[in-house]
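Trainee: First residue of the sequence shown? That's 396 in the working numbering, and the numbers climb one at a time after it.
For every residue, glycine included, the Cβ atom is placed at its ideal position computed from N, Cα and C.
This structure is in structure tokens; I'll ask about it shortly.
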Amino acid sequence: MLSFFLRIMKQKCGSYVCVQLLQTLNILFENIRNETSLYYLLSNNHVNSIIVHKFDFSDEEVMAYYISFLKTLSLKLNAHTIHFFYNEHTNDFPLYTEAIKFFNHSEGMVRIAVRTLTLNVYRVEDASMLAFIRDRTAAPYFSNLVWFIGNHIIELDTCVRNDADHQSQNRLSDLVAEHLDHLHYLNDILCLNISDLNKVLSEHLLHKLLVPLYVYSLMKYKNLLCQNQEERKHVSIVVALFLLSQVFLIVSHGPLVHTLAAVMLLSDLETIQTGASKVLEMYGDISSDKPIAFSPPKESLEKSLENLSESLTISDELCEDENNLERKDSENGSEEVLEINHASTSFDTASSGDMPILMSPEQQEISIPTEDLEEIKHLNVTDEEKEQRLALESPLTPHAQKM
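Below you can see the structure in the form of structure tokens.
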């Protein structure tokens, strides 16, 4: 059935049909209770093919049903079903990588669905999958997420500065609510206690958001901290204090909170000018070689994921070449073993037939008359001596007959 759906999608049949198919898939997976039926639907990789299909996301309905479908799939994730979505051999996880591309979507419901999906993924206790997220996607995703949150804060600060007559209260309330959602999301990730993810996320938060945008905004001479006008990103002291208070109220990850408090309470202007990273190293376990600055990531998340996909393709090709070489070496080795076995079998056959048994030069020099051998047969000898006698008698009997 899923392969049939996929063939219809590939026919470019228009957004209406795609919406109906996505809606059907969403209802189908939402109402599955039997695990065997779920495994059957997830087999053959058709679901992953649907996930990576190029839909027209400019259509709001397609976007809504697509992200809802991904969120529904994430609710089915556990230690058993994760292997239908994350391929350890190809190091590919389309359910996660396709979803996080929409972390900064203009529609709030899409952003919320992406956050829910990522938390559902992080909760699955699978070491190889979490290693993939840590090594391949954590840094680009968290760096872009922190930059997105920072820009949202600057927008909030702009709204406060321009709302002298209090005409934008609704807009300001929405911005504050959105920011609190961000903090709760970050805290939910940290509360999962995945040490590798917590370290990466804490580094980006401290070095790219909390210290350069929140703490630095509390200083009187902010311009001393920046080299050029573009780097002079800060918010008003009132907004900075409000934001910091919310961080301490919501975030419960000890190392992050303690380090942030140390930077605020144990630093002075001279320390920050020479490098607040020294303070981070001194008062917390979170240290990094990243510069402390509110600056955009080197590349967008989508570009990072594209580069990841290309690198995985190259890696797969190299692995395939190595496997082919190993297969050829194995085949050549098998052929050599077969030739050796064939030669050994021929030798054994000939030995049991007409060919004389090969003996060492010492054995060939031994010559015992037949009378002596007959006499030996009637002696009381030990088993060990009998074995020696038989070893001598068997090869020398033809020789004795010739004599």
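Give the range of the alpha helix (DSSP H) segment to which Y517 is assigned.
Mentor: Unbroken alpha helix (DSSP H) run through Y517: 503-517.
Trainee: Let me know if C586 comes out buried or exposed under the rule of 16 or more other beta-carbons within 10 Å of its beta-carbon.
Mentor: Exposed, since its Cβ has fewer than 16 Cβ neighbours within 10 Å.
Trainee: On the CB-based measure, 16 or more other CB atoms within 10 Å of its CB, does E598 come out buried or exposed?
Mentor: It counts as buried.
Trainee: Check whether the Cβ atoms of F424 and N486 sit closer than 8 Å, and answer yes or no.
Mentor: Not a contact, by the Cβ cut-off of 8 Å.
Trainee: Which of the three DSSP states is assigned to N588 in this structure?
Mentor: N588: coil per DSSP, three-state reduction.
Trainee: Taking L490 and L468 to be in contact with their CB atoms under 8 Å, please state how far apart those CB atoms are, rounded to whole angstroms.
Mentor: That belief holds up - the Cβ atoms of L490 and L468 are roughly 6 Å apart, short of 8 Å.
Trainee: Alpha helix (DSSP H) containing N557: first to last residue?
Mentor: 533-557 is the extent of the alpha helix (DSSP H) around N557.
Trainee: Any idea what DSSP makes of D451, helix, strand or coil?
Mentor: Looking at D451 - three-state DSSP - the assignment turns out to be coil, as it is neither helix nor strand.
Trainee: Work out the CA separation of S523 and H602 for me, nearest whole Å.
Mentor: Going from the Cα of H602 to the Cα of S523 covers about 28 Å.
Trainee: Suppose the cutoff is 7 Å on Cβ atoms and the five residues either side in sequence are ignored; what does the same chain contact list for Y609 look like?
Mentor: So the qualifying residues of the chain are A635, L638, L639.
Trainee: Roughly how many whole angstroms lie between the Cα atoms of D591 and R531?
Mentor: When rounded, the distance between both Cα atoms is 12 Å.
Trainee: If the criterion is Cβ atoms closer than 8 Å, does the pair N870 and S647 meet it?
Mentor: Residue 870 is absent from the structure shown; the chain starts at 396 and stops at 798.
Trainee: Measure the C-alpha to C-alpha separation of L604 and F543 and round it to an integer number of angstroms.
Mentor: Taking the straight line joining both Cα atoms gives about 10 Å.
Trainee: Here's a check: name, in chain order, each residue in its chain whose Cβ is nearer than 8 Å to the Cβ of V442, leaving out the five neighbours to either side.
Mentor: Closer than 8 Å at the Cβ level, and outside the excluded window around V442, lie L397, L436, L468, F479, F480.
Trainee: Are I403 and V412 closer than 8 Å when you measure CB to CB?
Mentor: Closer than 8 Å, so yes.
Trainee: Look up N582 in the DSSP assignment and say whether it is helix, strand or coil.
Mentor: Reduced to three states, the DSSP call for N582 is helix.
Trainee: Below 8 Å CB to CB, which residues in the same chain sit around F742 once its five sequence neighbours on both sides are set aside?
Mentor: Note on F742: pLDDT 47, under 50, position unreliable in the model; the coordinate value appears next. Same-chain partners within the cutoff: there are none.
Trainee: Leaving aside the five residues before and after L700 along the sequence, list all residues of the same chain whose C-beta is less than 6 Å from its C-beta, in chain order.
Mentor: Taken in chain order, the residues that qualify are T492.
Trainee: By DSSP's criteria, D487 is part of a beta bridge. Which residues make up the other side?
Mentor: N482, per the DSSP bridge assignment.
Trainee: Straight-line CA distance for L720 to H484?
Mentor: Approximately 18 Å, taken between the alpha carbons.
Trainee: If we count the other Cβ atoms within 10 Å of its Cβ and call it buried at 16 or more, is N539 buried or exposed?
Mentor: N539 is buried by the Cβ-count criterion.
Trainee: Out of S612, L600, D576, which has the shortest C-alpha to C-alpha gap to I549?
Mentor: The candidate whose alpha carbon is nearest that of I549 is S612.
Trainee: When the Cα of V505 is compared with those of F464, A572, L661, which residue comes out closest?
Mentor: Closest option to V505, Cα to Cα, is F464.
Trainee: Helix or strand or just coil, what does DSSP make of P691?
Mentor: The answer is coil: DSSP assigns P691 none of H, G, I, E or B.
Trainee: Does the distance from the CB of L600 to the CB of V658 come in under 8 Å?
Mentor: The answer is no: Cβ separation not under 8 Å.
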